[in-house]
Amino acid sequence: RLKDWIDEICSCLAVLINVVESNPEAKEQMLLMEFESNGHAGALSVIELLVMLFNFASESLKEDKPGATEITLDALHHNEREALGSTLKVYSSILLGFLIADSIEGRNKAKSLLQTHSLESITNSIRRCLGFYQSAGAMTDKTEASLQTLLKKLSENV
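Sequence positions in the sequence shown follow the working numbering and run 96 to 253.
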């Protein structure tokens with residue numbers, strides 16, 4: 096089922112975020128990884144794969160459509176599909192952000208693949224996540240500082 100697949104992918108992305116955030120060597124190794132794909136000509140880079148996940152999640156969510164409302168705990172409890180899509184979007188944007196934050200080449204590659212051709216959709220996703228977890232009181236000071244630093248890096252030299 097799609098729900099199970101998205102849940103599994105989100106769990107993997109969460110682990111990878113923690114690894115990449117705390118280990119620069121792992122970050123460099125991850126950027127060198129390539130993934131075989133039946134539906135894609137040639138191997139996919141990790142940046143390509145994360146942008147594909149982000150774009151998939153973005154397309155399936157109402158939040159990016161006109162008249163979008165704020166993400167709330169109540170809204171997420173009432174729509175499991177949107178909750179999973181939102182989680183996939185956030186985790187893929189955070190991992191992508193950590194991978195490209197210090198790389199002009201990585202940023203340019205991500206921009207070329209994103210539907211908006213800018214990092215604005217990535218930074219907006221991270222900002223919304225930050226706001227959501229702050230309002231829910233579910234974020235440590237360290238995580239908040241890390242995401243704020245990530246947003247600052249991604250906003251520089253855009």
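C-beta atoms are modelled at their ideal positions from N, C-alpha and C, and glycine is treated no differently.
Assigned secondary structure, residue i (DSSP; H/G/I helix, E/B strand, else coil)
| i | result |
| --- | --- |
| residue 161 | Below a pLDDT of 50, predicted positions are generally treated as unreliable, and residue 161, at 44, falls in that range; the measurement from the model is reported next regardless. Coil, per DSSP. |
| residue 251 | coil |
Sub-7 Å separation of residue i and residue j beta-carbons
| i | j | result |
| --- | --- | --- |
| residue 101 | residue 179 | yes |
| residue 209 | residue 220 | no |
| residue 193 | residue 110 | no |
| residue 188 | residue 149 | yes |
| residue 105 | residue 183 | yes |
Identity of the residue in the options nearest residue i by Cα
| i | options | result |
| --- | --- | --- |
| residue 218 | 156, 246 and 227 | 246 |
| residue 224 | 213, 185 and 121 | 185 |
| residue 248 | 235, 229 and 214 | 214 |
| residue 113 | 237, 250 and 232 | 237 |
| residue 199 | 120, 251, 239 and 103 | 251 |
| residue 212 | 146, 229, 119 and 152 | 146 |
| residue 143 | 207, 244, 230 and 235 | 207 |
| residue 152 | 97, 120, 197 and 119 | 97 |
| residue 243 | 103, 222, 230 and 232 | 222 |
Other residues of its chain near residue i: CB distance less than 8 Å, five sequence neighbours each side excluded
| i | result |
| --- | --- |
| residue 138 | 129, 130, 131 and 132 |
| residue 235 | none |
Beta-carbon contacts of residue i that lie in its chain and below 6 Å, excluding the five residues immediately before and after
| i | result |
| --- | --- |
| residue 195 | 201, 202 and 205 |
| residue 155 | 180 |
| residue 122 | 115 |
| residue 159 | With a pLDDT of only 43 at residue 159, under 50, the local geometry of the prediction cannot be trusted, and no value is derived from it. |
Contacting residues, own chain, Cβ-Cβ under 7 Å from residue i (five flanking each side not counted)
| i | result |
| --- | --- |
| residue 241 | 116 |
| residue 141 | 125, 126, 128 and 194 |
| residue 99 | none |
> Where are the beta strand (DSSP E) runs, 3 residues long or more, that stay fully inside the region 170 to 245, in chain order?
Replying inline: The region 170 to 245 contains no complete beta strand (DSSP E) run of 3 or more residues.
> Where are the alpha helix (DSSP H) runs, 4 residues long or more, that stay fully inside the region 113 to 158, in chain order?
Replying inline: Complete alpha helix (DSSP H) runs here, min 4: 119 to 127 and 141 to 155.
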